[in-house]
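End of the sequence shown sits at 287 in this note's numbering; the numbers just go up one at a time, nothing left out.
By construction, the Cβ of each residue, glycine as well, lies at the ideal position given by its N, Cα and C atoms.
Please read all numbers here as calculations on a predicted model, not as lab measurements.
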Amino acid sequence: MLLTIIENLINSVENNEDIYNMEFLSREYLEMHHLKCEKCQKYRVECAFSPHCTDRKHLNILIQLNTPINQRIFPAYCYSLYIKNISDFLAKKETLTSPNDSWLYLEEYLDFYKKELGKIKDKDYRKMFEKLINVWIKEKKTIILEEKYENKNQFTFIFNDTVYRMNFSKNIIIIDVNRRLCHSNEELENYLEILSRYYELKPNFELIKDTKTIWYLKFKFKTRSKIENEDFLSKFSDYYNLYEENDDTIIIVDLKTSFYGYSDRKIQNYKNLRKIFEIMNHNIRKT
């Protein structure tokens, strides 16, 4: 029952309905969660190992809303643990928790790379990021960026096997993107394109934009053996088709675009879209 209410609430937000009710719920939520945060931070061991909000999601929401760190409702101790965990993740050290879908202020993110960036005269985040990319390229590190990302305020990129979502409009970045749904067809198409490059599937992959609401992912490879992870493909898609054409095996998977609501396409998030390409890459490489 609770899940139904939550999905109805999400749909009402998507359709710009019940704004006054949402304002009331938002105010109540922030006040109640502030008290919850204060209680959690009093017990520092609990806050470190078992925070009262799962995966520090409340903190993520505050960052997503661009809440200043010095605000009363901002949980300072929780944030220090959060930063330490992300820092360890970026340094490829062992972490307390996986930082899936962690939102972070861009200033904090770039601060992790101050050694690579060196002395900065102008704190222009876009220029700093460009400089960081050039350093990574010189060090021969793998980074896959959207085409024409230089002219975009928001874009996705893959670095060190991790998916990031950059937002220069809000000066925020999402680290290790998993549960996010593509907010537009442009974002969806760009993400599919960088996945095809990252997994080196460009010659084997075709995006068929049948309508504005339904697209198809078409993969072609040469194999007669059993396709691995077919169960996942069939769960992911309403229309999953496998057939042979000449000497090729063809797999087609349907994809709901951003015109669908959350409940209709929640399985088709960043993590599962990436898994589709991982599966195809594995099947193609074994041929």
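Identify which residue in Lys42, Asn21, Ile227 and Ile284 has its Cα closest to the Cα of Leu242. Ile227
Is there contact here, the region 175-183 with the region 263-275, by at least three beta-carbon pairs under 8 Å? yes
Touching by the beta-carbon criterion (3+ pairs, under 8 Å), the region 184-204 and the region 146-153: yes
Could you check if Ser102 is buried or exposed, using at least 16 other CB atoms within 10 Å of its CB as the buried criterion? buried
One or two residues paired with Ser98 in a DSSP bridge: Bridge partners of Ser98: none, in fact.
Return the chain-ordered list of same chain residues with a C-beta closer than 8 Å to the C-beta of Tyr125, the five sequence neighbours on each side being excluded. Leu106, Glu107, Leu110, Phe168 and Asn171
Test item: CB-CB of Tyr198 and Ile133 under 7 Å: no
Segment limits, beta strand (DSSP E) that includes Leu304: Outside the displayed span of the chain (1 to 287) sits residue 304, for which this structure offers no information.
Distance between Asp254 and Lys222 (C-alpha atoms, nearest Å): 21 Å
Using 8 Å for Cβ pairs, my map puts Ile86 next to Ile175. What's the rounded Cβ distance? 6 Å
Distance, Phe277 Cα to Met166 Cα: 22 Å
Separation of Glu245 from Ile284, as counted between CA atoms: 16 Å
Under the assumption that Thr257 contacts Lys218 (Cβ atoms under 8 Å), give the Cβ distance between them as a whole number of angstroms. Rounded, the Cβ-Cβ distance is 16 Å, inconsistent with contact.
Can you tell which of Pro203, Ile61, Asn60 and Cys40 has the C-alpha that lies nearest to the C-alpha of Asp248? Pro203
How far does the beta strand (DSSP E) with Arg165 in it extend, from its first residue to its last? Thr162 to Asn167
Counting C-beta neighbours from all protein chains within 10 Å, is the total for Ser80 16 or more, i.e. buried, or is it exposed? exposed
Nearest to Pro325 (by Cα), restricted to the options Ala76, Asn70 and Asp55: Coverage of the chain is limited to positions 1 through 287, which leaves residue 325 absent and any answer about it impossible.
Just how far apart, CA to CA, sit Thr142 and Lys84? 24 Å
Kindly indicate which three-state DSSP category Glu241 falls into: helix, strand or coil? Contrary to the premise, residue 241 reads as Asn rather than Glu in this sequence. If DSSP states are grouped into helix, strand and coil, Asn241 belongs with the strands.
For Ile173 and Leu65, believed in contact at Cβ under 8 Å, the rounded distance: Wrong, their Cβ atoms sit about 15 Å apart, outside the cutoff.
When you compare each of Lys92, Glu139 and His58 to Cys78 by their alpha carbons, which one comes out closest? His58
According to DSSP, is Gln41 helix, strand or coil? helix
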